[in-house]
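Report on the structure given below.
There are 2 protein chains.
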Amino acid sequence: MEAGDGPGPRAPLTPVVECVPNFSEGRRREVIDAILDAVRRSGPASVLDFSSDSDHNRSVLTLAGSPEAIHAACLALVAACIERIDLRAHTGAHPRMGAVDVLPLVPIRGLAMRDCVLLARDLGDAIARRHDLPVYLYENAALTPSRRNLAEIRKGGFEGFPEKIKDPRWKPDFGPDRVHPSAGCVAIGAREFLIAYNINLASADLDLAKSIARLIREKDGGLPCVKAMGVLLKDRNLAQVSINMTDFRRTPLHVVFDRVREEAARHSVGIAGSEIVGLVPAEALFQAARHSLMLEEFDPSRVLERRLEESEARERGDGR
Amino acid sequence: MEAGDGPGPRAPLTPVVECVPNFSEGRRREVIDAILDAVRRSGPASVLDFSSDSDHNRSVLTLAGSPEAIHAACLALVAACIERIDLRAHTGAHPRMGAVDVLPLVPIRGLAMRDCVLLARDLGDAIARRHDLPVYLYENAALTPSRRNLAEIRKGGFEGFPEKIKDPRWKPDFGPDRVHPSAGCVAIGAREFLIAYNINLASADLDLAKSIARLIREKDGGLPCVKAMGVLLKDRNLAQVSINMTDFRRTPLHVVFDRVREEAARHSVGIAGSEIVGLVPAEALFQAARHSLMLEEFDPSRVLERRLEESEARERGDGR
């Protein structure tokens, strides 16, 4: 009998945007620290995660906060990067076109994709004005369909952009029609949460991993919002299907997992395990639990922590 | 590349205790409202959930808050119940021995079972003194093994307690050696989160549901921390295994589900679906997702919302 109706109307939660700036420095520790410090001093945005890769010579930051806090944090990040990074002296394995290469904005709670689109455009305008930097809007923030795909925008990279930008089809959405001499240009987007998800086959058959990757990825006619490639984990001698899921609400984790498992089984290969790289929204795991437990009419508002969070927000008077 | 190390040391979250008071009024709306009002006016404890059952003539409240907030809320609840409920005039289907029948305390985050045990004893002492009410401590708060089981304590009910309490084996842990004339006595416990979980067979075979329930429940040699019975859902013409899971960390949801599914399959019966009644901790769903996706080394601190909550707590300066 310990169950029943909810305690009344839900309180709106404080709106939270995630922003995952990628910037072109992954080697000089003092430069990275100075950039992180600038972000921390910008206001209340939280640093949820951070990683640097020296081969790529690139760092990725995960920020979260209100739209205002993210706006302030991005301006501080861009200023710190432009001051300290000169792409003319930059080498690294990852494709890049700017000192701040990409600023994706992700609606997490209490706001819609539309709000992130508006935030991307506001930010783009502010950054272009302040630093005389060309800005491209991508994915949901794109002003034309041809600019939805980040890879298309970035093609040519920093070295190719002085030519590319002269092409009227690649006129920036904000800022001047020439690249910034040391900082290149920046892409600002609004997109869904990206889940990096890898499935390890119980086999070292790289060709099988590659053929499964082809089968499941959207661009080859597979599952919507799934990017995939086959790689070999040398230290474990396992073949891996390495996946980026660009909208877990359209194609959930368990759909990808089941599809890979079935296809591997057709070749008499089992699954060794899977892993989520980086952060994952609770909802993506709830989906998988709901599916595997065959839960009827499961509502995330019945999750204790969610209820508690709503209740605490109500008491703090958030969003009122 | 959008992944990596965490942002630094975790901040401790504000300690949260859940309390699930069961009180002996499920019919008179004005009495129930007055009791809820008294709880709300007691301080910052949150009402997460509430349900009344008029057949049982009983209500169940789910509260959450700091140990101090829960202490204040329980004192307010007990005072309001004693003032308004007279068990001499009470009828209802559910076994009960008190106006406030049971106060279970559950550690949710930022504190241990031991802290709930201490809170149970503090509360027991305070309630006994203030209202001259006999108090029994149960489950993890019990002072002797014979009092761990709530059903043993409650046996005889309000009507049988005036005799039972004279038996030295049933001397109360706090308060007088005689029942309160109108309010009986109260059991205060510390326990794990209880998940009410039902699995519906794709069959109306009640005997099969009963035999599966026997097979999985702890008291008949089944799974630890599992209580179960078979029931018939008349409106859907389905047999159901109705389960209480008293420690989902010892026996997770997916273990119960898989066991029931296998056993039903042995009788060529499928699963129609399952349902969680009331609230469920996120961790219980993460366990199921981890199992079904074969996630290696999954750490709940990689869940976005958890990371965000820790970060917000750090900024508010909680727990410092």
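Going down the list, the protein sequences come from chains A and B.
With the first letter of the first sequence counted as 1, position 28 gets the number 28 in our numbering; the numbers rise by one all the way through.
Start counting at 1 in the second sequence, then tack on 1000, and there's your number in our numbering.
Backbone N, C-alpha and C fix where the C-beta goes; we use that ideal spot for every residue, glycine too.
These numbers come from a predicted model, not from an experiment.
Checklist entry - Relative to the alpha-carbon of residue 1100 of chain B, which residue among B/1112, B/1081 and B/1091 has its alpha-carbon at the smallest distance? => result Your numbering for residue 1100 of chain B matches position 100 in the second sequence. Residue B/1081 is the option with its Cα nearest to residue 1100 of chain B.
Checklist entry - Do you know how far the Cα of residue 275 of chain A is from the Cα of residue 177 of chain A? => result Stepping through the first sequence from its first residue, residue 177 of chain A is reached at position 177. Stepping through the first sequence from its first residue, residue 275 of chain A is reached at position 275. Taking the straight line from one Cα to the other gives about 43 Å.
Item to check | Bridge-paired residues (DSSP) for residue 1240 of chain B | outcome: Along the second sequence, read from residue 1 onward, the residue named residue 1240 of chain B stands at position 240. DSSP output for residue 1240 of chain B lists B/1200 and B/1231 as bridge partner(s).
Next on the checklist: 9 Å is my cut-off, CB to CB: does residue 290 of chain A come that close to chain B?
Outcome noted: Taking the first residue of the first sequence as 1, we reach residue 290 of chain A at position 290. Yes, residue 290 of chain A counts as interfacial toward chain B.
Checklist entry - If you run the structure through DSSP and keep just helix, strand and coil, what is residue 1003 of chain B? => result As a first step, residue 1003 of chain B is located in the second sequence; it is residue number 3 there, counting from the start. Reliability fails at residue 1003 of chain B, whose pLDDT of 37 lies under 50, so the model's placement of it is uncertain and no value is given.
Item to check | Proximity to residue 84 of chain A [Cα-Cα], best of A/30, A/65 and A/92 | outcome: The count along the first sequence starts at 1 and reaches residue 84 of chain A at position 84. With distances taken between Cα atoms, residue 84 of chain A lies closest to A/30.
Item to check | Beta-carbon gap between residue 102 of chain A and residue 150 of chain A smaller than 9 Å | outcome: One-based indexing of the first sequence puts residue 102 of chain A at position 102. One-based indexing of the first sequence puts residue 150 of chain A at position 150. Closer than 9 Å, so yes.
Checklist entry - So, residue 1191 of chain B versus residue 1277 of chain B, is the Cβ gap smaller than 9 Å? => result Within the second sequence, residue 1191 of chain B is the residue found at index 191, counting from 1. Within the second sequence, residue 1277 of chain B is the residue found at index 277, counting from 1. Not closer than 9 Å, so no.
Checklist entry - Taking only beta-carbon atoms, is residue 1140 of chain B less than 9 Å away from chain A? => result Position 140 of the second sequence, counted from the start, is the residue given in the question as residue 1140 of chain B. With 9 Å as the cut-off, residue 1140 of chain B does not count as an interface residue toward chain A.
Next on the checklist: Counting only beta-carbon separations shorter than 9 Å, does residue 35 of chain A have a partner in chain B?
Outcome noted: The residue you call residue 35 of chain A lines up with position 35 of the first sequence. For residue 35 of chain A, the answer is no, since every Cβ of chain B falls outside 9 Å of its Cβ.
Next on the checklist: With a threshold of 6 Å on Cβ separation, who are the neighbours of residue 1111 of chain B within its own chain once the five nearest residues in sequence on each side are excluded?
Outcome noted: Position 111 of the second sequence, counting from 1, holds the residue named residue 1111 of chain B. If we look at residue 1111 of chain B and ignore the five residues flanking it on each side, its Cβ neighbours are 1015.
Item to check | Anticipated Cβ contact below 8 Å, residue 73 of chain A with residue 42 of chain A, distance rounded | outcome: Taking the first residue of the first sequence as 1, we reach residue 73 of chain A at position 73. Taking the first residue of the first sequence as 1, we reach residue 42 of chain A at position 42. Going by Cβ atoms, the distance from residue 73 of chain A to residue 42 of chain A rounds to 5 Å, so yes, they are a contact pair.
Checklist entry - Within 9 Å (strictly less), CB to CB, does residue 1278 of chain B reach chain A? => result Reading the second sequence from its first residue, position 278 is the one you call residue 1278 of chain B. It does: the Cβ of residue 1278 of chain B has a partner Cβ on chain A nearer than 9 Å.
Checklist entry - Of the residues B/1071, B/1065, B/1076 and B/1242, which one's Cα is nearest the Cα of residue 981 of chain B? => result Here chain B covers residues 1001 to 1320 and nothing more, so residue 981 of chain B does not appear.
Checklist entry - Can you list the residues of chain A that residue 1311 of chain B reaches, using a CB-CB cut of under 8 Å? => result To locate residue 1311 of chain B, count along the second sequence from 1; it is residue 311. Residues of chain A passing the Cβ test: 46, 47, 48 and 64.
Checklist entry - residue 271 of chain A CB to nearest chain B CB: under 9 Å? => result If you number the first sequence from 1, residue 271 of chain A lands on position 271. Chain B, which has a Cβ nearer than 9 Å to the Cβ of residue 271 of chain A, makes this yes.
Checklist entry - Can you list the alpha helix (DSSP H) stretches of 4 or more residues lying completely in the region 1245-1296 of chain B, in chain order? => result 1253-1266 and 1282-1292
Next on the checklist: Could you pull the DSSP bridge partners for residue 22 of chain A from this structure?
Outcome noted: Indexing the first sequence from 1 puts residue 22 of chain A at position 22. Its beta-bridge partners are A/60 and A/102.
Next on the checklist: Quick check on residue 213 of chain A: does DSSP put it in helix, strand or coil?
Outcome noted: Working through the first sequence from its first residue, we reach residue 213 of chain A at position 213. Reduced to three states, the DSSP call for residue 213 of chain A is helix.
Item to check | Nearest candidate by alpha-carbon position, reference residue 126 of chain A, set A/140, A/160 and A/175 | outcome: As a first step, residue 126 of chain A must be located in the first sequence, where it is residue number 126. Nearest C-alpha to residue 126 of chain A: A/175.
Checklist entry - What residues from chain E crowd round residue 1286 of chain B, counting only those whose CB sits closer than 7 Å? => result Absence of chain E from the displayed structure is noted, the protein chains being A and B.
Checklist entry - Cα separation between residue 1313 of chain B and residue 46 of chain A? => result Within the second sequence, the letter at position 313 stands for residue 1313 of chain B. Within the first sequence, the letter at position 46 stands for residue 46 of chain A. So the alpha carbons of these two residues sit roughly 11 Å apart.
Item to check | Simplified DSSP assignment, three categories, for residue 52 of chain A | outcome: For the purposes of this step, residue 52 of chain A is identified with residue 52 of the first sequence, where counting begins at 1. It is a strand residue.
Next on the checklist: For a cutoff of 9 Å on Cβ pairs, would you count residue 1108 of chain B as touching chain A?
Outcome noted: As a position in the second sequence, residue 1108 of chain B is number 108, starting the count at 1. So, interface residue.
Checklist entry - Between which two residues does the alpha helix (DSSP H) harbouring residue 188 of chain A extend? => result Within the first sequence, residue 188 of chain A is the residue found at index 188, counting from 1. Looking at the DSSP string, residue 188 of chain A is not in any alpha helix (DSSP H); the run it does join, the beta strand (DSSP E), is 186-190.
Next on the checklist: Please state the DSSP three-state secondary structure of residue 1137 of chain B.
Outcome noted: Within the second sequence, numbered from 1, the residue matching residue 1137 of chain B stands at position 137. In this structure, residue 1137 of chain B counts as strand in the three-state DSSP scheme.
Item to check | residue 1096 of chain B - DSSP class collapsed to helix/strand/coil | outcome: Residue mapping note: residue 1096 of chain B aligns to position 96 of the second sequence, counting from 1. Reduced to three states, the DSSP call for residue 1096 of chain B is coil.
Next on the checklist: I need the DSSP call for residue 224 of chain A, collapsed to helix, strand or coil.
Outcome noted: Position 224 of the first sequence, counting from 1, holds the residue named residue 224 of chain A. Three-state result, residue 224 of chain A: coil.
Item to check | Simplified DSSP assignment, three categories, for residue 109 of chain A | outcome: Taking the first residue of the first sequence as position 1, residue 109 of chain A is located at position 109. Three-state DSSP puts residue 109 of chain A in a strand.
Checklist entry - The alpha helix (DSSP H) with residue 158 of chain A in it runs from where to where? => result As a working mapping, residue 158 of chain A is identified with position 158 in the first sequence. Unbroken alpha helix (DSSP H) run through residue 158 of chain A: 157-164.
Next on the checklist: Whole angstroms are fine: how far does the CA of residue 1302 of chain B sit from the CA of residue 92 of chain A?
Outcome noted: Taking the first residue of the first sequence as 1, we reach residue 92 of chain A at position 92. Taking the first residue of the second sequence as 1, we reach residue 1302 of chain B at position 302. Near 28 Å, if we compare the C-alpha coordinates of residue 1302 of chain B and residue 92 of chain A.
Item to check | For residue 180 of chain A, the three-state DSSP class (helix, strand or coil) | outcome: Along the first sequence, one-based indexing puts residue 180 of chain A at 180. Here residue 180 of chain A sits in strand by DSSP.
Checklist entry - From residue 155 of chain A to residue 216 of chain A, what distance separates their C-alpha atoms? => result The count along the first sequence starts at 1 and reaches residue 155 of chain A at position 155. The count along the first sequence starts at 1 and reaches residue 216 of chain A at position 216. Answer to the nearest angstrom: the Cα atoms are 25 Å apart.
Checklist entry - Are the C-beta atoms of residue 18 of chain A and some chain B residue less than 9 Å apart? => result By 1-based counting over the first sequence, the position of residue 18 of chain A is 18. Yes - at least one Cβ of chain B is within 9 Å of the one on residue 18 of chain A.
Next on the checklist: Does the distance between the C-beta of residue 1125 of chain B and the nearest non-hydrogen atom of the ligand FAD fall short of 8 Å?
Outcome noted: Inclusion of the ligand FAD in the displayed structure is not the case, the ligand content being empty and no account of it being possible.
Next on the checklist: Using a Cβ-Cβ cutoff of less than 6 Å, which residues in the same chain neighbour residue 148 of chain A once the five nearest sequence positions on both sides are dropped?
Outcome noted: What you label residue 148 of chain A is simply residue 148 of the first sequence in a count that begins at 1. Hits under 6 Å: 139 and 142.
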